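Chemist: The structure that follows is given in the form of structure tokens.
Residue numbers (full-length UniProt numbering), protein chains in the order written: chain E, 1 to 575; chain V, 1 to 618.
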């Protein structure tokens, strides 16, 4: 193997490191000067270096961008606030944990909860002075914010599968194990937020056995799909596992590597990518596969250029076979051949279903994952009332929706009454387009946003719906996604129709993603506003209504009709 | 130059028209020497013994004891002591001093705080100009002298003569109390009253001038008038151009900027107003205040006019000189209509047909009257009592002129040449079912835009000054709008490159919305111009935290700064904050300096005397 060692092309850590690498290296395992800067009473902000570290603790500093100019004129600093991401493996929480989230959102946040595309919770508007209490309360209810952001493995996603509840239970258990195994082990989090005793690190023991002192070059994402649902968009993950089930028994997982959404406008060397299936492992082998994959990215990922540091570029630059060889070498054993699998869709299926365990599950439609009371629509109150009596669980879906899971027959009637009273909805009266829509948070809190997303997509759909109705397509499932920037939080590169923000009111429009989430979409028009969006969609939708083949999805049709070319690999995304 | 001649009229002088014409022709042609010679000559004439001048109608009549006309020879040494909080008494004392100097008197001019009490027994002619604060108290730096005069240690003053000019505000219960106290006490100590005391309301110019003239006449008359030959070479005209704009002749300053410093969601509204002083020659120092003449609220003006069934366009005479204006104009710009004082209600009672009101102003009902007028405005009075048939002219001639409001200047003149900035919190509240407004603050907040003009003048305040030594550390305590002068202080120290350390204590309700001038403090901290800053936001936590709590938390460092010679400045609310801060300072000094409470008090008093503890409170 000595030979191979020599042939490894230009190990990235020989090159100049990006500034973030230095910040991490000098942070003493994510401590930095956070303890002091959190206490600075003159500003609601923390310095940029500490903010970089803060992400690893599950929080970003943001500010209310709607107020930025106004406050600047008023001689006030920006309305700094913190987004706090609370993770739960596979998105499963207890009713007690739900009530805690509800409570802290009112006590410390902006009175809303945001369900994310990675099955996490986000609180917005937390002031610096309240961070510690907020994080403490999260931990007291046995949830955590550690590693919800930052250059580490993020929340492990897992299909919340209400149909095959027995299989879900098994897959979910493995998701938790993988997640726990890849958690950062630094004590910084407990010292800073939970006032736990400071332990002097001994020089003999590496505090981070998997990550080391500089952690990963970039974030790392793992998702587990259970066919036929690809709700977790397994091909968008750095590392994907596709459950292989026979007769309700989990045999193992197909392993896929090298997916990822983010790109940078105007830089063709960055692109979204879909992961490739490289083999099969048993459930017991899963943790080993995850750990070794992470360490390969740790050692070979690009630490010089952050926008080129995701795992997908490590693989694309060196070739898939190089990775498989390296993985086998580190594992000391080989993956089996991949098993056949089939996906039907990457969206959610709404309404009540009965699981194989005899309990019921209700999938509710939550527009863009925002839990709030809005005038007559008392969504947040309704869910709080349900949580007070519920004896099952809550499951956050990968499409920002919510499952009231494992409802006992005894409680089902009562829950139905609460659903009725608060007019909560499974979305049946919405158009299928809206039920398959997803937007990131974007303005006013996200620092990267270039255009509106969550605040605008519902409005845009209002205007697309008449076009669909006229064409008789109101109930046709079409996946539509929007993000305020090209980093891809709502996984826009996999949607049949998607919009990525360029400037206020201006979007790049992409078409041709597959309904099952295995194919990327392609740029159709650049930098267009609402009028041109609607004018572009109208003839396309009409033609689709008239000319589609039975069972043909919109994303497949636009390729066949020649609107855009098919993109099977991210390296062709800009071609 | 040097004296601005008041043009004599029949109305403003004891002369007839023929005499007025003759004098007006003669007086402007006289040079200084001629004037002094003439005044001495006239003073020496036996027939010209001037009778006691009565104060103008605006001033409160004062019980008088007859001035003596003994022919004892008094020296021309005059001591003028002033006790000033906002600078008005200081200004008047300086004016008096100048007036007397021109007449050949030798003047000792001093603030009461600087005057050595043991010198009192040597004083022959003593003039007191003093204002009254809050509950009838003397100004801060006058307290030690006031207490000395009222103590057993005070010397007998049989060989001295004195006169007192009191400044105050009739809307307060203890109107001109300090002046009254001095007047009474000096007489008790055996001194002879030169002229009757005059108590001035907020519009003090006229009665104060009359008092000065009376004093001048009385002193001149008794002095051995030898036409003062020493005065032939009068000092040259000062080289700097003096501004013509004063309290009585305000400058129309253009508004450059008017913005709200409180972020969205705040319960506060604090205006930052930038004004241009270009062309005014007005000069100021950090610590000075800006006098602003406001407009009344148009809604209140209209409500009063319609409640009285008057006509907005009616013409009323608004000054003794016969100036006229429409009623609307007069109520909007000239008269105070939001405060009802005892003298006003007494005069209005005579016009009213309300027996109830007449009964209320009768002797013996003072308590009830005070309770009634507290917090009411003219509209309340009109609605409560009938003034049917009273003409606008009758009514308005009783009213006080609208007083200027003083705001601590928030800009350093070095940092913003030819500009002046103020920080004004809009006052709004509800009383008796009606929305009420702070006259000036709401005018500035709601009806003043960039490009408009505002009548202003500079009110100098020598009792709130940066240390002369730029190396002296300063500790500034200014919650809310009390932070305004410290923006001027820190800005000034930045511009002048002063090397002394500085420490600011600031507080308000909420960090997110109420942190006035936040980004400027942040920059000054970053640049090291401001050494330390501690903040207390009272509504952000369960326990209400104020600046004094932050001071206590830092008591050790704070005392170290004091021991290094730091000067302390306090600006803002008097009743609560300044008092709490004072007690906290005493506590810190006792605790950290291991001193008894009495010693700590003494420590602070000494700091006050050394001008190392100054306050600008309101």
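From the three backbone atoms N, C-alpha and C, an ideal C-beta is built for every residue, glycine too.
Here the structure is a predicted model, which means the values were calculated and not measured.
1) Which of the three DSSP states, helix, strand or coil, is assigned to residue 378(E)?
2) With distances taken from CA atoms, which of 411(E), 185(E), 274(E) and 251(E) is nearest residue 171(E)?
3) Would you mind stating whether residue 506(E) and residue 535(E) have Cβ atoms separated by less than 8 Å?
4) Within a Cβ cutoff of 6 Å, which residues of the same chain sit near residue 344(E), ignoring the five residues on either side of it in sequence?
5) Any beta carbon of chain E sitting closer than 8 Å to that of residue 314(V)?
6) Terminal residues of the continuous beta strand (DSSP E) containing residue 571(V)?
7) Beta carbon of residue 456(V), beta carbon of residue 290(V): below 8 Å?
8) With DSSP collapsed to three states, give me the class of residue 125(V).
9) Can you give the Cα-Cα distance for residue 410(V) and residue 610(V), rounded to whole angstroms?
10) Per DSSP, which one or two residues make a beta bridge with residue 345(E)?
11) Quick check on residue 509(V) - is its C-beta less than 8 Å from some C-beta in chain E?
12) Starting from the C-beta of residue 168(E), find all residues in its chain whose C-beta is less than 6 Å away, skip the five residues before and the five after it, and write them out in chain order.
13) Can you tell me which of 606(V), 156(V) and 83(V) puts its alpha carbon nearest to the alpha carbon of residue 118(V)?
14) Could you name the residues of the same chain whose beta carbon sits closer than 6 Å to that of residue 87(E), not counting the 5 residues immediately before and after it, in chain order?
15) So that I know if they touch, is there some Cβ in chain V lying closer than 8 Å to that of residue 118(E)?
16) Could you tell me whether the Cβ atoms of residue 520(E) and residue 274(E) are closer together than 8 Å?
17) Please name the residue, chosen from 345(V), 386(V) and 315(V), that lies closest to residue 377(V) on a Cα-to-Cα basis.
18) How long is the line joining the alpha carbons of residue 129(E) and residue 84(E), rounded to whole angstroms?
19) When DSSP builds the beta bridges, which residues end up paired with residue 200(V)?
20) Roughly how many whole angstroms lie between the Cα atoms of residue 393(E) and residue 458(E)?
21) Does residue 77(E) get closer than 8 Å to chain V when you measure Cβ to Cβ?
22) I think residue 224(E) touches residue 159(E), with their Cβ atoms under 8 Å apart; what is that distance to the nearest whole Å?
23) Across which residues does DSSP place residue 482(E) in a beta bridge pair?
24) Buried or exposed: which applies to residue 233(V), given that a residue is buried once 16 or more other Cβ atoms fall within 10 Å of its Cβ?
25) How would you call residue 447(V), buried or exposed, if buried means at least 16 neighbouring beta carbons within 10 angstroms?
26) Residue 310(E) by DSSP, collapsed to three states: which one?
27) Considering only DSSP beta bridges, list what residue 273(E) is partnered with.
28) Closer than 7 Å by beta-carbon distance: list the chain V residues that pair up with residue 74(E), in chain order.
29) Secondary structure at residue 387(V), three-state DSSP: helix, strand or coil?
30) Of all the beta strand (DSSP E) runs that stay within the bounds of the segment 418–478 of chain V, which reach a length of 3 or more residues?
31) From what residue to what residue does the beta strand (DSSP E) around residue 524(V) run?
32) Of the residues that make up the segment 498–523 of chain V, which ones have a beta carbon closer than 8 Å to any beta carbon in chain E?
33) Measuring only the C-alpha atoms, how far is residue 315(V) from residue 379(V)?
34) Check the Cβ of residue 535(V) against every Cβ in chain E and list those closer than 9 Å, keeping chain order.
35) Among the candidates 16(E), 242(E), 559(E) and 186(E), whose CA atom is the shortest distance from the CA of residue 210(E)?
36) Does residue 396(E) have its Cβ less than 8 Å from a Cβ in chain V?
Modeler: In brief:
1) By one-based count along the first chain, residue 378(E) stands at place 378. In this structure, residue 378(E) counts as strand in the three-state DSSP scheme.
2) Position 171 of the first chain holds residue 171(E). Of the listed residues, the one whose Cα sits closest to residue 171(E) is 251(E).
3) Numbered from its first residue, the first chain carries residue 506(E) at position 506. Numbered from its first residue, the first chain carries residue 535(E) at position 535. No.
4) Position 344 of the first chain, counting from 1, holds the residue named residue 344(E). So the qualifying residues of the chain are 228.
5) Taking the second chain and counting its residues from 1, one reaches residue 314(V) at position 314. False, the Cβ-Cβ gap to chain E never drops below 8 Å.
6) Position 571 of the second chain, counted from the start, is the residue given in the question as residue 571(V). Taken as a continuous stretch (DSSP letters only), the beta strand (DSSP E) holding residue 571(V) covers 567–572.
7) In the second chain, the residue the question calls residue 456(V) occupies position 456. In the second chain, the residue the question calls residue 290(V) occupies position 290. Yes, the pair counts as a contact, with Cβ atoms nearer than the cut-off.
8) The residue you call residue 125(V) lines up with position 125 of the second chain. Strand at residue 125(V).
9) Mapped onto the second chain, residue 410(V) falls at position 410. Mapped onto the second chain, residue 610(V) falls at position 610. In a straight line, the C-alpha of residue 410(V) is about 25 Å away from that of residue 610(V).
10) Locating residue 345(E) in the first chain gives position 345, where the first residue counts as 1. Per DSSP, 229(E).
11) Mapped onto the second chain, residue 509(V) falls at position 509. Not closer than 8 Å to any Cβ of chain E, the Cβ of residue 509(V) fails to qualify, so no.
12) One-based indexing of the first chain puts residue 168(E) at position 168. Excluding positions up to five away in sequence, the list reads 161.
13) Counting from 1 along the second chain, the entry for residue 118(V) is found at position 118. Cα-wise, what sits closest to residue 118(V) is 156(V).
14) Locating residue 87(E) in the first chain gives position 87, where the first residue counts as 1. Within the same chain, residue 87(E) has close Cβ partners 120, 148 and 155.
15) Stepping through the first chain from its first residue, residue 118(E) is reached at position 118. Not an interface residue.
16) Taking the first residue of the first chain as 1, we reach residue 520(E) at position 520. Taking the first residue of the first chain as 1, we reach residue 274(E) at position 274. Yes; because the gap between Cβ atoms is below 8 Å, this pair is in contact.
17) Along the second chain, one-based indexing puts residue 377(V) at 377. Checked all of 345(V), 386(V) and 315(V); the closest Cα to residue 377(V) is 345(V).
18) Position 129 of the first chain, counted from the first residue, corresponds to residue 129(E). Position 84 of the first chain, counted from the first residue, corresponds to residue 84(E). C-alpha separation (whole angstroms): 13 Å.
19) For the purposes of this step, residue 200(V) is taken as residue 200 along the second chain, with counting starting at 1. DSSP, once it has assigned bridges, lists 167(V) as partnering residue 200(V).
20) Here residue 393(E) refers to the residue found at position 393 when the first chain is read from its first residue. Here residue 458(E) refers to the residue found at position 458 when the first chain is read from its first residue. So the alpha carbons of these two residues sit roughly 29 Å apart.
21) As a working note, residue 77(E) is residue 77 in the first chain. Output row for residue 77(E): interface = yes.
22) Numbered from its first residue, the first chain carries residue 224(E) at position 224. Numbered from its first residue, the first chain carries residue 159(E) at position 159. 7 Å between Cβ atoms; contact.
23) Taking the first residue of the first chain as position 1, residue 482(E) is located at position 482. Paired residues: 439(E) and 499(E).
24) Here residue 233(V) refers to the residue found at position 233 when the second chain is read from its first residue. The predicted position of residue 233(V) is uncertain, since its pLDDT is 41 and thus under 50; a value taken from the coordinates is nonetheless stated next. So residue 233(V) ends up on the exposed side.
25) Here the question's residue 447(V) lines up with position 447 in the second chain. Flag for residue 447(V) reads exposed.
26) Indexing the first chain from 1 puts residue 310(E) at position 310. It is coil, neither helix nor strand.
27) By one-based count along the first chain, residue 273(E) stands at place 273. DSSP output for residue 273(E) lists 260(E) as bridge partner(s).
28) For the purposes of this step, residue 74(E) is taken as the residue at position 74 of the first chain. Within 7 Å Cβ-Cβ: 259, 260, 261 and 263.
29) Sequence index remark: in the second chain, residue 387(V) carries index 387 (1-based). Three-state result, residue 387(V): coil.
30) 419–425, 428–431, 434–437, 453–459 and 474–477
31) Here the question's residue 524(V) lines up with position 524 in the second chain. No beta strand (DSSP E) contains residue 524(V), which is instead part of the alpha helix (DSSP H) from 518–526.
32) 511, 512, 513, 515, 516, 517, 518, 519, 520, 521 and 522
33) Taking the second chain and counting its residues from 1, the one referred to as residue 315(V) is at position 315. Taking the second chain and counting its residues from 1, the one referred to as residue 379(V) is at position 379. Whole-angstrom Cα-Cα distance: 20 Å.
34) Looking up residue 535(V) in the second chain gives position 535. Simply 41 and 42.
35) Position 210 of the first chain, counting from 1, holds the residue named residue 210(E). Out of 16(E), 242(E), 559(E) and 186(E), 186(E) has the C-alpha closest to the C-alpha of residue 210(E).
36) Stepping through the first chain from its first residue, residue 396(E) is reached at position 396. So no, residue 396(E) is outside the interface.
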